[in-house]
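Engineer: Residue numbers (the working numbering), protein chains in the order written: chain H, 1 to 354; chain E, 1001 to 1467. Positions of the beta carbon are idealized from the N, C-alpha and C atoms, including for glycine.
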Amino acid sequence: MLTETVAGRTYDYSHNVGRGAQTGMGFNTPVALTIGADGVLYVANRGSESISNVGWNRTGVGQRISKVTLGDSWGDEEFLGEFSRYGNNDGQLIWPAGIAADNDGNLYVADEWLNRVSVFDREGAYQRHFSTLQPGDPETNGSCGIAISPGRILYVTDGRSNQVRRFTTAGEFLGAFGSQGSGEGEFDSPWGIAIDADGFVYVADSGNHRVQKLTPEGAFVAQIGRPGNKRGELNYPSDVAVDPEGDVYVCDWSDNRWGKGRVHIFDADGKFLTSLVGDAQQLSHWAQMTVDANADYAKRRREVRTTEPEWTFAQPTAIEYDAANGRLVVADTQRSRLQIYNKLGRYMIPQLNL
Amino acid sequence: MGDQDIALMAHLMRRAGFGATREELEARAAKGYEATVEELLNPEDQPTLDRNEMMRYHPWTWRPGTLPGMGAAEWLHDMINTRRPLEEKMTLFWHGIFATGVSKVDHYDDVMDMIVKFREKGMGDFRELLVEMAKDPAMIYWLDNCENHADAVNENWGRELLELFSMGVGNYTEVDVRECSRAFTGWTIEPKLPRGPIGRHDWFFEYRPEDHDDTEKTFLGHSGNFNGEDIVRIISEHPACAGFIARHLYNFFVADEAQVPAWSVTPPNDPEAVETLANALRENGYDMRATLRVLFNSDFFKNARFARLKNPTEVVVGTLRMVGGAEFPAPGIGDLSRQPSYMGQDLLNPPSVEGWHTGAEWINSGSLMRRVNFTAELVGDVSRPGIRDMVDRLEARGVRTAAEAVDGCLDLMGPLEVTGESRDELIGFISEGGDFAWGTTEDVASSTRRVSELLQLIVSLREYQYA
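1. List, in order along the chain, the chain E residues whose C-beta lies closer than 7 angstroms to that of Val291(H)?
2. For Asp1125(E), which residues from the same chain have a beta carbon less than 7 angstroms from its beta carbon, with the 5 sequence-adjacent residues on both sides left out?
3. Which term fits Met348(H), buried or exposed, when burial requires 16 or more other beta carbons within 10 angstroms of its beta carbon?
4. Could you compute how far the alpha carbon of Ile1080(E) sits from the alpha carbon of Ile1458(E)?
5. Buried or exposed, going by whether 16 or more other CB atoms sit within 10 Å of the CB of Ser1103(E)?
6. Taking Ile94(H) as the query, report the chain A residues whose CB atoms sit under 9 angstroms from its CB, ordered along the chain.
7. Please return the same chain residues whose Cβ sits closer than 8 angstroms to the Cβ of Asn256(H), not counting the five positions on each side in sequence.
8. Using a Cβ cut-off of 7 angstroms, pull out every chain E residue sitting near Tyr297(H), in sequence order please.
9. Drop a sphere of 10 angstroms on the beta-carbon of Met1055(E), count the other beta-carbons inside from all chains shown, and report buried for 16 or more, exposed for fewer.
10. Any idea if Gly145(H) is buried or exposed, counting beta-carbon neighbours within 10 angstroms, 16 or more meaning buried?
11. Examine the Cβ distances between the stretch 1374-1385 of chain E and the stretch 1094-1103 of chain E and report whether three or more of them are shorter than 8 angstroms.
12. Would Ile1430(E) and Arg1450(E) be called neighbours here (beta carbons separated by less than 8 angstroms)?
13. If you draw a straight line from the alpha carbon of Thr274(H) to that of Ile224(H), how long is it in whole angstroms?
14. Which residues in chain E sit within 8 angstroms of Gln334(H), going by Cβ to Cβ distance?
15. Name the one or two DSSP bridge partners that Ala355(H) has.
16. With respect to the beta strand (DSSP E) encompassing Glu78(H), which residues constitute its N-terminal and C-terminal limits?
17. Would you please state the rounded distance, in angstroms, between the beta carbons of Ser1352(E) and Ala1099(E)? I believe it to be under 8 angstroms.
18. Hey, how far is the Cα of Ala1360(E) from the Cα of Val1372(E)?
19. As a quick exercise: from Gly1318(E), Trp1356(E) and Phe1436(E), pick the residue whose alpha carbon is nearest that of Gln1465(E).
20. Output the distance between the C-alpha atoms of Asp137(H) and Ala101(H), rounded to the nearest integer angstrom.
21. Using the beta-carbon count (16 or more within 10 Å), is Lys367(H) buried or exposed?
22. Can you round the beta-carbon distance between Arg152(H) and Phe130(H) to whole angstroms, since I take them to be within the 8 angstroms contact cut?
23. With 8 angstroms set as the bound, which would you pick, yes or no: does the beta-carbon of Ser52(H) sit closer than that to a beta-carbon of chain E?
24. Using a Cβ-Cβ cutoff of less than 7 angstroms, which residues in the same chain neighbour Ala1437(E) once the five nearest sequence positions on both sides are dropped?
25. So which residues on chain E does Tyr236(H) lean against when the C-beta distance must stay under 7 angstroms?
26. Cβ atoms of Ala1134(E) and Trp1094(E): under 8 angstroms apart, would you say?
27. Going along the stretch 1127-1146 of chain E in order, which residues come within less than 8 angstroms of chain H, judged by CB to CB distance?
28. By the DSSP assignment, the beta strand (DSSP E) with Trp1142(E) in it spans what residues?
29. With DSSP collapsed to three states, give me the class of Gly1334(E).
30. At which residue ranges does the stretch 155-213 of chain H contain complete beta strand (DSSP E) runs of 3 or more residues, listed in the order of the chain?
31. May I have the straight-line CA-CA distance separating Ala37(H) from Ser48(H), to the nearest angstrom?
32. Say whether chain E places a C-beta atom closer than 8 angstroms to the C-beta of Trp56(H).
33. Any idea what DSSP makes of Gly8(H), helix, strand or coil?
34. Within 10 angstroms of the Cβ of Leu1193(E), are there 16 or more other Cβ atoms? Answer buried if so, exposed if not.
35. Against Arg1338(E), what residues of chain H qualify as contacts under a CB-to-CB distance less than 7 angstroms, listed in chain order?
36. Strictly by DSSP, which residues pair up with Leu338(H)?
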């Protein structure tokens, strides 16, 4: 459906942006999003491996940070550029997994293989990196989700050591909280992370199929969502976002009709409101360009009974709320695109017997 | 527990799986041979692997997404880490028979979907699997059944069904091929969305009654208005079918046989064993599980140690399971999944519908070099937990002389049976460093290095290429 309506607000599908591309206009398995200080959207592309005739650490394809604007409607998007690439040298990425922007426009990219955070300026120029590993840690921690608090503290989730670590933006370690488990304040493969205006921390506790809301120091506040595959239940949540009204958005890999993935929406008290399954009935502008340039693609699209399989989310991995524009941006990872929904507040549901 | 129990268990695990560590062999030997066979035959009692881990770290392995050359990464990871080794081995067995490749299909995901079907149905009723294959989109495209129409018959699927999937040459006529093909007209695939611009989509079987030849056929002496399911039933009732599958089982699990094209003119090496398996199939309604129970508990199986050349997948997966350290799907898994290809077995892309030729045909100077280099690098890595464990065991045994070290390593690598000449050469090499010592940290480091060198030599032996 194009509109998901719940008490007090509704979500209208707007448009989608992207197509599969190893470089340039499009994405390659986008797994993390952030909105920069000037409203530009940065997209971390996980990319893929390729047949190697050199060492494995030089053989990735499509890993990069894309810089785009989304526009207000179909065809308004702009590709502004891209930076970084596959590798373990300075400024390179093996497994980009999280990205966050500070108020100065600097970008912090978490790499869950290299266990480090790389810092770029708003133009993508490499600044520095720091390891998230501390003395005494195991060899790897799988730093993945990253978010910046109103007080400019970096929070990084460790998917493999089941912690949340805190750093200054300069990379100084401030402490960590959490441990392996399913109790309050414990994690199993934590992944995406978001921080609200009051500094509360929301962690997509992936392996526990829930989101946890925590104080800035890591004390448990509330659980959002519960495990399951039914409506309102979570199955491997990968990311979480929160809007200025306190609504919480969680993307996960639960079943939809054609693939896997939903966006579950909860209110500030954790009450389930509705879920989105993807609505891209029209190809994006860039995707349409590909079809227009390939006559056989166009012909085959005429032959299929329905294009419905391509409307829905396929393993969405990242979600971001664009507060300046009142809209939700979902990284529809396997379709290498972003689906965008506008949030309409103060919405009154019409009477049923119209 | 005697050495012979361990050796027999190692044999079973090499054949019914991809080998096992010494710790696992000891645990299984303590349980007993027949109990282990039963455990292997009932994989549903063991946990499956967490697919989400692979999706999380390598989202490019998602199906129906696919990537040129890298389609087998997920499967290779499964084979290395499965707790259900026979289920995975049977999957490889069926992939070699219903050999379907991306060279034509050009969708790794659709060939991988076949692999999933082999995993789910490969130990059940063969007749069900045969019908499933007739409806499989990759197979339909691979053998042109989408071009098999009521008014224009294409015999490719019909012919291979009889020749390579169920009976073998010599058991049917050209007319049977024609009539079989007619029965499968209308078995086709839905048009699917193209792979661009936002990625691939699943392919689905479709039966089009208007394109099915709905008239009488005469097939293998039976007449009627047959459809595809009737053909599978008639095939399974023919005496040749069970014998054909039995010979495949023998070749894959027991001992190297002649290649399939020669079967019509070359009798089995052990006709009695093949007939035992064929009878097991017939008596158990083509239940693969029951047939495998007969196979693994038979004397002809137990006496067939090292009677087969390992296929490349067994070399790669078996060595990785032995040395350990591949439990987490680290970067480079795509490259790892290519290794069997470099040795001559490009998974998901067999050379033809005939599958891979086996036995001595696996070996040529290039593929042998690949085998040796790949395995030598792994066993030379003393940080691998499996190698660490071997060194610890040798130290615990108090290995001191070169002969003790060689015998200990051969024991822990299999136990591996080598010729006296090979053993003497190994002893000659390693004795140059004198006796082994374990007293100081330096002693342990030196002995560890020498053990790894010895292991590297052992994997380069002819004997290591046999399962």
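Structural biologist: Based on what the coordinates show:
1. For the purposes of this step, residue 291(H) is identified with residue 291 of the first sequence, where counting begins at 1. Neighbours of Val291(H) across chain E, judged by C-beta separation under 7 angstroms: Pro1197.
2. Here residue 1125(E) refers to the residue found at position 125 when the second sequence is read from its first residue. Cβ neighbours of Asp1125(E) beyond the five flanking positions: Gly1285, Tyr1286 and Asp1287.
3. Looking up residue 348(H) in the first sequence gives position 348. Label assigned to Met348(H): exposed.
4. Residue numbering aside, residue 1080(E) sits at position 80 when the second sequence is read from its first letter. Residue numbering aside, residue 1458(E) sits at position 458 when the second sequence is read from its first letter. Straight across, the Cα-Cα distance linking Ile1080(E) with Ile1458(E) is about 21 angstroms.
5. The residue you call residue 1103(E) lines up with position 103 of the second sequence. Result: exposed.
6. Annotation note: the requested chain A is absent from the structure, which comprises protein chains H and E.
7. Counting from 1 along the first sequence, the entry for residue 256(H) is found at position 256. Once the five neighbours on either side are set aside, the close Cβ partners of Asn256(H) are Arg262, Val277, Gly278, Thr312 and Phe313.
8. Along the first sequence, read from residue 1 onward, the residue named residue 297(H) stands at position 297. Result: Pro1194 and Gly1196.
9. Position 55 of the second sequence, counting from 1, holds the residue named residue 1055(E). It counts as buried.
10. Within the first sequence, numbered from 1, the residue matching residue 145(H) stands at position 145. Gly145(H) comes out buried.
11. Between the stretch 1374-1385 of chain E and the stretch 1094-1103 of chain E there are fewer than three inter-stretch CB-CB distances shorter than 8 angstroms, so the stretches are not counted as touching.
12. Counting from one through the second sequence, the residue named residue 1430(E) turns up at place 430. Counting from one through the second sequence, the residue named residue 1450(E) turns up at place 450. Yes, they are a contact pair.
13. The count along the first sequence starts at 1 and reaches residue 274(H) at position 274. The count along the first sequence starts at 1 and reaches residue 224(H) at position 224. Here the alpha carbon of Thr274(H) sits roughly 13 angstroms from the alpha carbon of Ile224(H).
14. The residue labelled residue 334(H) in the question sits at position 334 within the first sequence. Result: Pro1059, Trp1062, Gly1065 and Gly1199.
15. In the structure as shown, chain H begins at 1 and stops at 354. Residue 355(H) is therefore absent and cannot be evaluated.
16. As a position in the first sequence, residue 78(H) is number 78, starting the count at 1. Note, Glu78(H): beta strand (DSSP E), Glu78 to Phe83.
17. Here the question's residue 1352(E) lines up with position 352 in the second sequence. Here the question's residue 1099(E) lines up with position 99 in the second sequence. Indeed, because the Cβ distance is near 7 angstroms, the residues count as touching under 8 angstroms.
18. On the second sequence, residue 1360(E) is found 360 positions in, with the first residue counted as 1. On the second sequence, residue 1372(E) is found 372 positions in, with the first residue counted as 1. Put simply, the backbone Cα of Ala1360(E) is about 16 angstroms away from that of Val1372(E).
19. Walking along the second sequence from the start, residue 1465(E) turns up at place 465. Taking Gln1465(E) as reference, the option from Gly1318(E), Trp1356(E) and Phe1436(E) with the minimal CA-CA separation is Gly1318(E).
20. Here residue 137(H) is taken as the residue at index 137 of the first sequence, counted from 1. Here residue 101(H) is taken as the residue at index 101 of the first sequence, counted from 1. Distance from the CA of Asp137(H) to the CA of Ala101(H), rounded to the nearest whole angstrom, comes to 27 angstroms.
21. Not covered by the structure: residue 367(H). The range shown for chain H is 1 to 354.
22. Counting from one through the first sequence, the residue named residue 152(H) turns up at place 152. Counting from one through the first sequence, the residue named residue 130(H) turns up at place 130. Between Arg152(H) and Phe130(H), the beta carbon gap of about 15 angstroms keeps them out of contact (Cβ cut-off 8 angstroms).
23. Along the first sequence, one-based indexing puts residue 52(H) at 52. It does: the Cβ of Ser52(H) has a partner Cβ on chain E nearer than 8 angstroms.
24. Numbered from its first residue, the second sequence carries residue 1437(E) at position 437. If the five residues before and after Ala1437(E) are omitted, its C-beta is found closer than 7 angstroms to the C-beta atoms of Asp1443 and Ser1447, all from its own chain and listed in chain order.
25. In the first sequence, counting from the first residue as 1, residue 236(H) sits at position 236. Under the 7 angstroms cutoff, chain E gives Asn1052.
26. Position 94 of the second sequence, counted from the start, is the residue given in the question as residue 1094(E). Position 134 of the second sequence, counted from the start, is the residue given in the question as residue 1134(E). Between Trp1094(E) and Ala1134(E), the CB-CB gap reaches or exceeds 8 angstroms.
27. Against chain H - using a Cβ distance shorter than 8 angstroms - the stretch 1127-1146 of chain E contributes no residues.
28. Taking the second sequence and counting its residues from 1, one reaches residue 1142(E) at position 142. In the DSSP assignment, Trp1142(E) falls outside any beta strand (DSSP E) and within the unbroken alpha helix (DSSP H) covering Pro1137 to Trp1142.
29. Counting from 1 along the second sequence, the entry for residue 1334(E) is found at position 334. DSSP, reduced to helix, strand and coil, places Gly1334(E) within a helical segment of the structure shown.
30. Entirely contained in the stretch 155-213 of chain H, the beta strand (DSSP E) runs reaching 3 residues are, in chain order, 163-168, 173-177, 190-195 and 201-205.
31. Along the first sequence, read from residue 1 onward, the residue named residue 37(H) stands at position 37. Along the first sequence, read from residue 1 onward, the residue named residue 48(H) stands at position 48. Computed Cα separation, rounded: 29 angstroms.
32. Mapped onto the first sequence, residue 56(H) falls at position 56. Under the Cβ distance rule, Trp56(H) counts among the residues neighbouring chain E, one pair being separated by less than 8 angstroms.
33. For this step, residue 8(H) is matched to residue 8 along the first sequence. Correct three-state label for Gly8(H): strand.
34. Start at 1 with the first residue of the second sequence, and residue 1193(E) comes out as number 193. Buried is the call here.
35. To locate residue 1338(E), count along the second sequence from 1; it is residue 338. Within chain H, the residues near Arg1338(E) are Ile51.
36. Along the first sequence, read from residue 1 onward, the residue named residue 338(H) stands at position 338. DSSP output for Leu338(H) lists Val17(H) and Ala331(H) as bridge partner(s).
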